[in-house]
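The structure appears right after this line, and notes come after that.
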Amino acid sequence: MDRVDLRTIHEGADAIIPRQVVQAIEEGAVCVKVICVDTDVFVLLLHVYLNMNLICSVFMENTSADRTIVDIGATTQKNKAIIPS
Numbered sequence: 001m002d003r004v005d006l007r008t009i010h011e012g013a014d015a016i017i018p019r020q021v022v023q024a025i026e027e028g029a030v031c032v033k034v035i036c037v038d039t040d041v042f043v044l045l046l047h048v049y050l051n052m053n054l055i056c057s058v059f060m061e062n063t064s065a066d067r068t069i070v071d072i073g074a075t076t077q078k079n080k081a082i083i084p085s
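Using UniProt numbering, you'd call the opening residue of the sequence shown number 1 and step up by one each time.
Below is the structure:
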C-alpha cells in the first residue's frame, strides 16, 4: 500500500509523528502504538495527549532489543504538572 500522506523526511519526523497520531485518532483509532526512541517525539506526544484531553490508548515502544513500552496516557497523568502546555 502506498500512503503518500505518510511520506516524510527525517528532519521533520519528530513533529510529523505526533501529528499522524492525532490524525489516526481523529479517524477513529482507539489504540495507537508509536515505535520510536526519539525523546522529542515522546515529549510532543505527552503535550498532545494532555492538551487534546485524549482518552484513547497511546503507547510508545522502544526500537531496542528490550522493546520497552511506555503508556503515554498514564505518563501524562503522572507528570501533567511538568508537561509543557
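Beta carbons are placed, not taken as given, at the ideal position from N, Cα and C, and that holds for glycine.
Specify, as a first and last residue, the run of the alpha helix (DSSP H) that residue i falls within.
| i | result |
| --- | --- |
| residue 72 | 72–79 |
| residue 46 | 39–51 |
Between the Cα of residue i and the Cα atoms of the options, which residue gives the shortest distance?
| i | options | result |
| --- | --- | --- |
| residue 30 | 54, 42 and 40 | 54 |
| residue 39 | 4, 14, 52 and 84 | 14 |
| residue 70 | 52, 51 and 46 | 46 |
| residue 44 | 28, 68 and 82 | 82 |
| residue 51 | 67, 80 and 20 | 80 |
Can you name, in chain order, every residue of its own chain whose Cβ lies under 6 Å from the Cβ of residue i, other than the five neighbours on each side?
| i | result |
| --- | --- |
| residue 25 | 56 |
| residue 65 | none |
| residue 68 | 62 |
Below 8 Å CB to CB, which residues in the same chain sit around residue i once its five sequence neighbours on both sides are set aside?
| i | result |
| --- | --- |
| residue 49 | 58, 72, 73 and 76 |
Going by DSSP, what residue range makes up the beta strand (DSSP E) through residue i?
| i | result |
| --- | --- |
| residue 27 | Unbroken run through residue 27: none, as it is neither H nor E. |
| residue 58 | 57–61 |
If residue i sits next to residue j, beta carbons under 8 Å apart, how far is it from one beta carbon to the other, in whole angstroms?
| i | j | result |
| --- | --- | --- |
| residue 34 | residue 60 | 5 Å |
| residue 62 | residue 32 | With 8 Å as the limit, residue 62 and residue 32 do not qualify as a contact, their Cβ atoms being about 16 Å apart. |
Under the rule that 16 or more other beta-carbon atoms within 10 Å means buried, what is residue i, buried or exposed?
| i | result |
| --- | --- |
| residue 41 | buried |
| residue 84 | exposed |
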